[in-house]
Amino acid sequence: MNERTTSDEYDLILQCLNGDTDKFSLLVERYKTMMYTIAYRMLGDQDAANDMAQECFISAFVGLKDFRHGSKFSTWLYQILMNKCRDYLRSGKNKVSVDDIAELRSDPKDTPEESASAHQVSDAVQKALDGLPPDYREVIVLKHMEELDYQEISQILGASVSALKVRAYRAREQLRVVLEKAGMKNG
Amino acid sequence: MDSDRDMLHKFLDGDLTAGEREAFLQRMKDDPVLKREHDALASALRMVITSPRMTAPPAFTRDVMKRLPQKPVPVVVRLRDFLLRGRVLRWNMAAALATAAVLIMTIGIISRQYAVPTGPAALHTGGQETAVTVRMNFYAPQARQVSVAGDFNKWQTDALPMSRQDGGVWTIDLTLKPGVYTYMFVLDGKAWVTDPDAETYQDDGFGNKNAVMRVRT
Numbered sequence: 043m044n045e046r047t048t049s050d051e052y053d054l055i056l057q058c059l060n061g062d063t064d065k066f067s068l069l070v071e072r073y074k075t076m077m078y079t080i081a082y083r084m085l086g087d088q089d090a091a092n093d094m095a096q097e098c099f100i101s102a103f104v105g106l107k108d109f110r111h112g113s114k115f116s117t118w119l120y121q122i123l124m125n126k127c128r129d130y131l132r133s134g135k136n137k138v139s140v141d142d143i144a145e146l147r148s149d150p151k152d153t154p155e156e157s158a159s160a161h162q163v164s165d166a167v168q169k170a171l172d173g174l175p176p177d178y179r180e181v182i183v184l185k186h187m188e189e190l191d192y193q194e195i196s197q198i199l200g201a202s203v204s205a206l207k208v209r210a211y212r213a214r215e216q217l218r219v220v221l222e223k224a225g226m227k228n229g
Numbered sequence: 008m009d010s011d012r013d014m015l016h017k018f019l020d021g022d023l024t025a026g027e028r029e030a031f032l033q034r035m036k037d038d039p040v041l042k043r044e045h046d047a048l049a050s051a052l053r054m055v056i057t058s059p060r061m062t063a064p065p066a067f068t069r070d071v072m073k074r075l076p077q078k079p080v081p082v083v084v085r086l087r088d089f090l091l092r093g094r095v096l097r098w099n100m101a102a103a104l105a106t107a108a109v110l111i112m113t114i115g116i117i118s119r120q121y122a123v124p125t126g127p128a129a130l131h132t133g134g135q136e137t138a139v140t141v142r143m144n145f146y147a148p149q150a151r152q153v154s155v156a157g158d159f160n161k162w163q164t165d166a167l168p169m170s171r172q173d174g175g176v177w178t179i180d181l182t183l184k185p186g187v188y189t190y191m192f193v194l195d196g197k198a199w200v201t202d203p204d205a206e207t208y209q210d211d212g213f214g215n216k217n218a219v220m221r222v223r224t
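In order, the protein sequences belong to chains A and B. Going by our numbering, the first residue of the first sequence is number 43, and it counts up by one from there. Going by our numbering, the first residue of the second sequence is number 8, and it counts up by one from there.
(1) Label Asn99/B either buried or exposed according to how many other C-beta atoms from any shown protein chain fall within 10 Å of its C-beta, with 16 as the threshold for buried.
(2) Note down the Cα distance separating Tyr52/A from His111/A, rounded to an integer number of angstroms.
(3) Thinking C-beta only, is Leu23/B closer than 8 Å to Arg218/A?
(4) What residue does the beta strand (DSSP E) around Gly173/A start on, and which one ends it?
(5) I'd like the span of the beta strand (DSSP E) that includes Gln209/B, first residue to last.
(6) Can you tell which of Phe145/B, Met220/B and Asn215/B has the C-alpha that lies nearest to the C-alpha of Ile122/A?
(7) Helix, strand or coil: which one does DSSP assign to Asp53/A?
(8) So, with DSSP's three-state summary, where would you put Asp202/B?
(9) For Gln120/B, count neighbouring Cβ atoms within 10 angstroms of its own Cβ and tell me buried if that reaches 16, exposed if not.
(10) Quick check on the burial criterion: 16 or more other C-beta atoms within 10 angstroms. Buried or exposed for Glu27/B?
(11) On the CB-based measure, 16 or more other CB atoms within 10 Å of its CB, does Ile117/B come out buried or exposed?
(12) Can you name, in chain order, every residue of its own chain whose Cβ lies under 7 Å from the Cβ of Met94/A, other than the five neighbours on each side?
(13) Run through chain B and tell me which residues come within less than 7 Å of Thr124/A, C-beta to C-beta.
(14) Less than 8 Å separating the beta-carbons of Leu183/B and Val155/B?
(15) Is there at least one Cβ from chain B nearer than 8 Å to Phe115/A's Cβ?
(16) If you drop the 5 nearest sequence neighbours on each side, which residues of the same chain put their C-beta closer than 7 Å to that of Arg142/B?
(17) For Met226/A, name the three-state secondary structure that DSSP assigns.
(18) Identify each residue in the segment 69 to 87 of chain A for which the Cβ-Cβ distance to at least one residue of chain B is less than 7 Å, and report them in chain order.
(19) If you drop the 5 nearest sequence neighbours on each side, which residues of the same chain put their C-beta closer than 7 Å to that of Gln57/A?
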C-alpha cells in the first residue's frame, strides 16, 4: 500500500502535465492488460471491458493534475476503474445471465474427468464470477486475481479491512459452490 | 465448525500466526471433513488464481490516445489562423457600399468617444490580476518535515517545504494569483494530511478530501 509510484512513472506524469501528452501512451501500454483484464472479470463482456478500461485511462488523464506524488499510480487506476465498473453495473447495461450459470451447470461435457482446458477453466471462472454479487466479485478479482493485500483493496474500494475479509469469506464459499456444481475441479 | 471455518478462511488469507497455522494443519489431519472443505475452497481459488490475463484489443492504446480531450487552442492562435487563412471573397457593389458605410460610422463613434479625456479614471488599467502572498500555518509538533502540495505546484511533495516555528507550528508564504486552489500537507514526505483549518473541502472523487483555499485580491 505504501509503495510509491515509480520515479519514471512520475516523470511521465509530469511530462504529460507539461503538455507532452504522447507520454501518456507509455502509461497506457504499461497498464492496459491489467485494466482490461479486471474490467473483463468484473463485467464479463469484452466490448464493455474495452470501453470501461479506455474510459478509465481517459479519466486518469483528465484528473492527472490531482494525482498525488507519493500515491501509487496503479492503486489510483484501480480506484477509477472500479468506480466505472460499478456505475456500468448499476446502469443495468449488463445482463447477469442466469441462463449462462444454468448452462454451465448442466453442460454434460464439463465433467470432472474431462476437467479442463485452461480455456474451459477460464470460461467457467468467468461465469461463476458473473453469478456473484458485484461487491463479492470485486474482492475476488482484487484479492485473488490481482493478489493485492487487504489494505490496498480497502483504499481502492473504500471499505474497511474487516468488512472486506467477511466479503471475501462469503465470496469464496459462493464461488466454490458454483464451480463444484459445474463439475469444475482443479488439483 | 464455525470456528473451524473462520480459521480456514484466515488460513487461506495467510492471517494465521505460525503457531495457529501449525495447529490448524494438525486439525485438518484429524478432521477429514475440514480437510475436504479446505481442498474444495483451495481448488476453487486455484482456478481463479491461474485464470490467464486477457489481451487488450490491438488498437487499445491508439484508441485511448485518440479519445483524450484536446487542449483548447488559445484565442490568439485561433485569431491568427483566422486572419492568415487564405479565402476567396464574393462581393457585389451594394454589399461593399453598405459595409463601407457601417465602417465609417463605427470609426466615427469610436474616435468621438476617445477624443474626450477621461481624467484620473483613465489611469486605471484593471484586468491584470496581481499575485497575492498567502501565509499557511499547520500545527504538527511531531513532524520532522512538512511541505504543502496542491494543484498550484502539480502536487509535488517536496517543492514547497514549510518552516518550523516555535510551538510546533509550520508556516510558508505562497505567492498565488487570485483563484481557488486545492492542497494538502505532506508530513515527513509520506503522510498526506488535510488542513483542519481549511475554508472548505472538496472530495477528490477517489475517496479522499482535499482542502480548498480561495485566494482573493
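All C-beta atoms in this analysis are idealised placements derived from N, C-alpha and C, irrespective of residue type, glycine included.
Let's see:
(1) exposed
(2) 7 Å
(3) no
(4) Taken as a continuous stretch (DSSP letters only), Gly173/A belongs to no beta strand (DSSP E), as it is neither H nor E.
(5) Thr207 to Asp210
(6) Asn215/B
(7) helix
(8) coil
(9) exposed
(10) exposed
(11) exposed
(12) Ala81, Leu85, Leu123, Lys126, Cys127 and Tyr130
(13) Reading the sequence as shown, one finds Met at residue 124/A and not Thr. The premise fails here: Met124/A is roughly 10 Å from chain B at the closest Cβ pair, so nothing lies under 7 Å.
(14) no
(15) no
(16) Thr178 and Asp180
(17) coil
(18) Val70, Glu71, Lys74, Thr75, Tyr78, Thr79 and Tyr82
(19) Lys65
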